[in-house]
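**Student:**
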Amino acid sequence: MQLGDKIKELRRKKEYSQEELAEKINVSRSAVAKWESNNGIPDITNLKKLSELFAMSVDTLIDYTNELEDISLDQNKSELDSSYIGGFYDIDLAGWNDGVFNAYI
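Going by our numbering, the sequence shown opens with residue 343, and the numbers climb by one from there.
1. If we ignore side chains and look at the alpha-carbon of each, how far apart do residue 404 and residue 349 end up?
2. Please determine, among 364, 380, 360, the residue with the shortest C-alpha to C-alpha distance to residue 388.
3. Run the CB neighbour count on residue 353, radius 10 Å, all protein chains shown included, and call it buried at 16 or more, exposed below.
4. For chain D, is any of its Cβ atoms less than 8 Å away from the one on residue 401?
5. Can you have a look at residue 378 and say buried or exposed, based on whether 16 or more other CB atoms are within 10 angstroms of its CB?
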């Protein structure tokens, strides 16, 4: 979910209009509309005000930790997969003929 969509969802849960939200954090209604349409993002000061108003951390508001986890998992998987490419490996197949099979990956 993009930040603008999250701001809109949280605003609607609190039953605020864009104008009411704008007044509470001291910005214009057009700024809120811009954020909610994903045509801009709040600066750090306004992110802090939004997080306090919606009773959550800035990290939770921007979903920063989930993005980091997704990136690190993808990178780890990619690094793990590529670390085996181009090597020779003995694969133990207990119970098959002599039990050892050479493979090039």
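Beta carbons: idealized from backbone N, C-alpha and C, even for Gly.
**Tutor:** So, from the listed chains and residues:
1. About 9 Å.
2. The residue with the shortest Cα to Cα distance from residue 388 is 364.
3. Residue 353 comes out buried.
4. Absent here is chain D; the protein component of the structure consists of one chain.
5. By the 10 Å Cβ count, residue 378 comes out buried.
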